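Heads up: the protein sequence lines correspond to chains A and B, in order. For the first sequence, this note's numbering gives the first residue as 51, with consecutive numbering after it. For the second sequence, this note's numbering gives the first residue as 391, with consecutive numbering after it. For every residue, glycine included, the Cβ atom is placed at its ideal position computed from N, Cα and C. From a predicted model like this one, the values you see are computed outputs, not experimental measurements. Notes follow once the structure below has been shown.
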Amino acid sequence: MATHRHLILLLAVVCRFGLADLSAQPLQITHQVLLQGKTVQLDSWMSVVPSVSVKITTLKWYLSVQGKTAQTYLMDLSEPTSLLQSVKYPKGSRLYFGVDSQTQVLSTRPGALDPVHGMYWTWQSGYIQWKLEGLMKTDTAEIPIQLHLGGFQNNLQTGQILPPVPIRDPTNSLQITWLLDELLRSITPQTARVMSPSHLAQEYAQRIAGGVRYGLIPINTDPKP
Amino acid sequence: MKRSVWLFAVFVLMGCGMFVVQRGRGDIRGRARKAFITYQQLKAEGWPETVYLFGQNPLSDAGIALGRKLFYDESLSADGKVSCGSCHNSYTAFAHVDHKLSHGVYDREGRRNAPALFNLAWSQSFMWDGAITTLDNQSLSPIASHTEMDLSLPAFLERVQRDTTYQTMYRHAFPGEPMSLPRLMQAIAQFELTFISQESRYDSMRRHQIAFTPQEQKGYELYKLYCADCHKEPLFRSDAFESNGLFPNIQFPDWGRVEITRNPKDSGLFRVPSLRNVEVTYPYMHDGRFATLSQVLKHYSLRTLKIQGVYQPKPIVLSSNDRVDLLAFLLTLTDRQFVQVKELQDPRGFQK
Numbered sequence: 051m052a053t054h055r056h057l058i059l060l061l062a063v064v065c066r067f068g069l070a071d072l073s074a075q076p077l078q079i080t081h082q083v084l085l086q087g088k089t090v091q092l093d094s095w096m097s098v099v100p101s102v103s104v105k106i107t108t109l110k111w112y113l114s115v116q117g118k119t120a121q122t123y124l125m126d127l128s129e130p131t132s133l134l135q136s137v138k139y140p141k142g143s144r145l146y147f148g149v150d151s152q153t154q155v156l157s158t159r160p161g162a163l164d165p166v167h168g169m170y171w172t173w174q175s176g177y178i179q180w181k182l183e184g185l186m187k188t189d190t191a192e193i194p195i196q197l198h199l200g201g202f203q204n205n206l207q208t209g210q211i212l213p214p215v216p217i218r219d220p221t222n223s224l225q226i227t228w229l230l231d232e233l234l235r236s237i238t239p240q241t242a243r244v245m246s247p248s249h250l251a252q253e254y255a256q257r258i259a260g261g262v263r264y265g266l267i268p269i270n271t272d273p274k275p
Numbered sequence: 391m392k393r394s395v396w397l398f399a400v401f402v403l404m405g406c407g408m409f410v411v412q413r414g415r416g417d418i419r420g421r422a423r424k425a426f427i428t429y430q431q432l433k434a435e436g437w438p439e440t441v442y443l444f445g446q447n448p449l450s451d452a453g454i455a456l457g458r459k460l461f462y463d464e465s466l467s468a469d470g471k472v473s474c475g476s477c478h479n480s481y482t483a484f485a486h487v488d489h490k491l492s493h494g495v496y497d498r499e500g501r502r503n504a505p506a507l508f509n510l511a512w513s514q515s516f517m518w519d520g521a522i523t524t525l526d527n528q529s530l531s532p533i534a535s536h537t538e539m540d541l542s543l544p545a546f547l548e549r550v551q552r553d554t555t556y557q558t559m560y561r562h563a564f565p566g567e568p569m570s571l572p573r574l575m576q577a578i579a580q581f582e583l584t585f586i587s588q589e590s591r592y593d594s595m596r597r598h599q600i601a602f603t604p605q606e607q608k609g610y611e612l613y614k615l616y617c618a619d620c621h622k623e624p625l626f627r628s629d630a631f632e633s634n635g636l637f638p639n640i641q642f643p644d645w646g647r648v649e650i651t652r653n654p655k656d657s658g659l660f661r662v663p664s665l666r667n668v669e670v671t672y673p674y675m676h677d678g679r680f681a682t683l684s685q686v687l688k689h690y691s692l693r694t695l696k697i698q699g700v701y702q703p704k705p706i707v708l709s710s711n712d713r714v715d716l717l718a719f720l721l722t723l724t725d726r727q728f729v730q731v732k733e734l735q736d737p738r739g740f741q742k
């Protein structure tokens, strides 16, 4: 009788902790940034449309997982390791472009939210959700681009809820592709510099979120020596 | 017997655990405890609930000491000459009295009058336009500002990290944590949270320890009639942004709150500062345009300027006697004790 009780207890423990509950497993995320179907390389000229090309020198942005608590990650194109994450993704979570407004009003914290990363506006409270700097060249001119997109209050929110993550299994990781085509096509010499919360920053943020695509790629579980 | 041994062991372990928690939080016998008690007393006296989230950054003596050193350290600026204390002088309730506008590294001039600093735990936002939403993040602004300290945040962190005194102080303030910018900012906030001004003549009257003179009392009644809507007791400030009828400064165009909200309705609005210690926090207004309280009262009694699209409050009609009485009341808001507290002054000056 006692043995049966132990077996039932053991089964309960296995059911609770042992069976594959996808939502309890970390979600592997990889990021790629594409323009005209090509991977964006920093400090390289890339074509936007036939007569316009860009050279991106800095690209950093935030992604959050919104669940019961928010986790925030900073991607930096100059640091390839930042483009790979293992995130907690409990059931019911959503991916969010940027830092949510609740986190924005709190004190800064060490880690991804440390202002030392240059993603915090010091002249006012708030994180820059997306920092893109570089040059845009047309047939007639070369103009600097500075998109410091942020804002979380007074109807100038730039954070965007991203589409639901596709159904996954433990053998797949999520690949998030950030398509820059629409964003970069919309930039003109007059709108190439955004340094504070504004409706234009909001529009750009919507274009960035609209350019997000998901894919599932197999996790390499048998690494080669 | 066996059971009592177990119980004894459990109590010993619990005791050790509590000791570790206390040690981990740092010592709270000195300034931190005094501040904690003061906050409790003020709450009991009917002051409003504090806004600051103390749970995120509990005060400790070591944290306050670290914040004090950072606050007065000029080496943490681009030219090594400007600290927080350069524009926020303890003797003048942490205001800046020798210039209309604060000036920073290489004598660069800012565009606003450095505000006085005290009773910050009750503020929902900071700066004249409310740009900053938490005290913990406020110090980032002057450090990085081109016209103030002009030091990049990584450079600031690096300078603190390589200083052995700071290393030791940080270990005491935040045991077991690697040095980080957010924690350093919290240390400055801890020091600033000890700027509690609550020992003015007005406070003594409120506690029934003294009575106002007839002139002060009349001034108090005038204050309640004309000023109290914006400058609310007992803090004599509010978190609102208001227009007080100032004509825009043509030399330094500054439209205040609208620069943060981008809402045209907020054009020309500025934070309502505290009237506490107003005697020692001259010059007045966001651009320091008035040097004396008499000039301020004259402005309020004459303001009739119409600015396009900006709400203009009505003039406050005061006789010359009224003005003197109101001034007499405003002087009761000076906290002489606060501006002389040695623990709030530059520690190097104190050692001298």
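Taking residue i as the reference, which of the options has the closest Cα?
{"i": "Thr16(A)", "options": "Ser136(A), Phe202(A), Gln154(A) and Lys105(A)", "result": "Here chain A covers residues 51 to 275 and nothing more, so residue 16(A) does not appear."}
{"i": "Lys110(A)", "options": "Gly200(A), His249(A) and Gln75(A)", "result": "Gly200(A)"}
{"i": "Ala120(A)", "options": "Ser128(A), Thr153(A) and Pro76(A)", "result": "Thr153(A)"}
{"i": "Asp715(B)", "options": "Asp656(B), Ile650(B), Pro643(B) and Gln607(B)", "result": "Gln607(B)"}
{"i": "Lys614(B)", "options": "Ile706(B), Gly739(B), Glu499(B) and Leu692(B)", "result": "Ile706(B)"}
{"i": "Tyr616(B)", "options": "Asn634(B), Ile600(B), Thr603(B) and Phe602(B)", "result": "Asn634(B)"}
{"i": "Ser128(A)", "options": "Asn205(A), Gln91(A), Ser101(A) and Gly209(A)", "result": "Gln91(A)"}
{"i": "Tyr264(A)", "options": "Asn222(A), His249(A) and Ile195(A)", "result": "Asn222(A)"}
{"i": "Tyr481(B)", "options": "Arg738(B), Leu734(B), Pro737(B) and Val729(B)", "result": "Val729(B)"}
{"i": "Leu250(A)", "options": "Ser236(A), Leu133(A) and Val155(A)", "result": "Ser236(A)"}
{"i": "Thr651(B)", "options": "Ser175(A), Gln203(A) and Leu185(A)", "result": "Gln203(A)"}
{"i": "Thr537(B)", "options": "Arg647(B), Arg419(B), Glu464(B) and Glu499(B)", "result": "Glu499(B)"}
{"i": "Leu570(B)", "options": "Val550(B), Thr554(B) and Thr555(B)", "result": "Per the sequence shown, residue 570(B) should be read as Ser rather than Leu. Among Val550(B), Thr554(B) and Thr555(B), the Cα nearest to that of Ser570(B) belongs to Val550(B)."}
{"i": "Ile211(A)", "options": "Arg257(A), Ser248(A) and Leu230(A)", "result": "Arg257(A)"}
{"i": "Leu432(B)", "options": "Ala511(B), Asp463(B), His486(B) and Val495(B)", "result": "Ala511(B)"}
{"i": "Ser473(B)", "options": "Ser535(B), Tyr429(B), Glu567(B) and Gln430(B)", "result": "Ser535(B)"}
{"i": "Ala242(A)", "options": "Pro160(A), Asp219(A) and Leu197(A)", "result": "Leu197(A)"}
{"i": "Glu611(B)", "options": "Glu439(B), Arg423(B) and Leu717(B)", "result": "Leu717(B)"}
{"i": "Gln101(A)", "options": "Val262(A), Leu84(A) and Thr238(A)", "result": "Contrary to the premise, residue 101(A) reads as Ser rather than Gln in this sequence. The residue with the shortest Cα to Cα distance from Ser101(A) is Thr238(A)."}
{"i": "Leu692(B)", "options": "Tyr592(B), Gln430(B) and Phe637(B)", "result": "Phe637(B)"}
{"i": "Leu163(A)", "options": "Tyr112(A), Met245(A) and Arg144(A)", "result": "Tyr112(A)"}
For residue i, which residues in chain A fall below 9 angstroms Cβ to Cβ?
{"i": "Gln446(B)", "result": "Leu156 and Ser157"}
{"i": "Thr524(B)", "result": "Val155, Leu156, Ser157, Thr158 and Ser175"}
Please report the Cβ distance between residue i and residue j, rounded to the nearest whole angstrom; I am assuming they are in contact, meaning their Cβ atoms lie under 8 angstroms.
{"i": "Ala577(B)", "j": "Gly457(B)", "result": "4 angstroms"}
{"i": "Asp629(B)", "j": "Gln557(B)", "result": "The pair is not a contact, with the Cβ atoms about 38 angstroms apart (cut-off 8 angstroms)."}
{"i": "Ser587(B)", "j": "Asn503(B)", "result": "19 angstroms between Cβ atoms; not a contact."}
{"i": "Ala483(B)", "j": "Ala468(B)", "result": "The Cβ separation is near 27 angstroms, so there is no contact."}
{"i": "Thr724(B)", "j": "Asn667(B)", "result": "6 angstroms"}
{"i": "Gly520(B)", "j": "Arg647(B)", "result": "6 angstroms"}
{"i": "Gly678(B)", "j": "Leu491(B)", "result": "6 angstroms"}
{"i": "Ile533(B)", "j": "Leu543(B)", "result": "7 angstroms"}
{"i": "Gln195(A)", "j": "Leu185(A)", "result": "For clarity, residue 195(A) is Ile in the given sequence; the question names Gln instead. Yes, they are in contact, since the Cβ atoms of Ile195(A) and Leu185(A) sit about 7 angstroms apart, within 8 angstroms."}
{"i": "Gln78(A)", "j": "Ile269(A)", "result": "6 angstroms"}
{"i": "Arg597(B)", "j": "Pro624(B)", "result": "Rounded, the Cβ-Cβ distance is 11 angstroms, inconsistent with contact."}
{"i": "Leu229(A)", "j": "Val215(A)", "result": "The pair is not a contact, with the Cβ atoms about 17 angstroms apart (cut-off 8 angstroms)."}
Using a Cβ cut-off of 7 angstroms, pull out every chain A residue sitting near residue i, in sequence order please.
{"i": "Asn639(B)", "result": "The premise fails here: Asn639(B) is roughly 19 angstroms from chain A at the closest Cβ pair, so nothing lies under 7 angstroms."}
{"i": "Ser531(B)", "result": "Thr172 and Trp173"}
{"i": "Ala521(B)", "result": "Trp173, Gln174 and Ser175"}
By the criterion of Cβ-Cβ separation under 8 angstroms, what are the contact partners of residue i in chain A?
{"i": "Ser535(B)", "result": "Thr172 and Trp173"}
Below 9 angstroms on C-beta distance, what does residue i contact in chain B?
{"i": "Leu288(A)", "result": "Since the first residue shown for chain A is 51 and the last is 275, residue 288(A) is missing from the structure and cannot be characterised."}
{"i": "Pro165(A)", "result": "Asn527, Leu530, Ala534, Leu543, Leu571, Pro572 and Met575"}
Tell me which residues of the stretch 543–560 of chain B have at least one Cβ-Cβ distance to chain A shorter than 8 angstroms, keeping chain order. Cβ contacts with chain A come from Leu543, Pro544 and Leu547.
Short of 7 angstroms Cβ to Cβ, which residues in the stretch 453–477 of chain B face chain A? If the cut-off is 7 angstroms between Cβ atoms, the stretch 453–477 of chain B has nothing near chain A.
Along the chain, which unbroken stretches of the alpha helix (DSSP H) at least 4 residues long are found entirely within the stretch 548–627 of chain B? As far as the stretch 548–627 of chain B is concerned, its whole alpha helix (DSSP H) runs of at least 4 residues are 554–563, 571–582, 591–596 and 604–616.
Please list the residues of the stretch 172–201 of chain A that have a C-beta atom closer than 7 angstroms to any C-beta atom in chain B, keeping them in chain order. Within the stretch 172–201 of chain A, the residues whose Cβ lies closer than 7 angstroms to some Cβ of chain B are Thr172, Trp173, Gln174 and Ser175, listed in chain order.
At what residue ranges does the stretch 118–165 of chain A contain a whole run of the beta strand (DSSP E), taking only runs of 3 or more? Within the stretch 118–165 of chain A, the complete beta strand (DSSP E) runs of at least 3 residues are 120–126, 134–137 and 144–147.
Just by C-beta distance, which residues in the stretch 240–269 of chain A are closer than 9 angstroms to chain B? Per Cβ criterion, the list reads Ser246, Pro247, Ser248 and His249.
List, from N- to C-terminal side, the beta strand (DSSP E) runs of 3 residues or more that fit wholly inside the stretch 649–699 of chain B. Within the stretch 649–699 of chain B, the complete beta strand (DSSP E) runs of at least 3 residues are 660–662.
What residues in the stretch 562–580 of chain B bring their beta carbon closer than 9 angstroms to a beta carbon of chain A? Answer set for the stretch 562–580 of chain B: Glu567, Pro568, Ser570, Leu571, Pro572, Arg573, Met575, Gln576 and Ala579.
Could you tell me which uninterrupted alpha helix (DSSP H) segments, each at least 4 residues in length, are contained entirely in the stretch 482–539 of chain B, listed from first to last along the chain? Entirely contained in the stretch 482–539 of chain B, the alpha helix (DSSP H) runs reaching 4 residues are, in chain order, 525–528 and 530–534.
What runs of the beta strand (DSSP E), each 3 residues or longer, lie entirely inside the stretch 76–107 of chain A? Secondary structure in the stretch 76–107 of chain A: the beta strand (DSSP E) runs of 3 residues or longer, each lying completely within the stretch, are 77–85 and 95–99 in chain order.
Scan the stretch 199–253 of chain A and note each continuous beta strand (DSSP E) run of 3 residues or more that stays entirely inside, going in chain order. Taking 3 residues as the shortest admissible run, the stretch 199–253 of chain A contains the following complete beta strand (DSSP E) segments, listed from N- to C-terminal end: 222–229.
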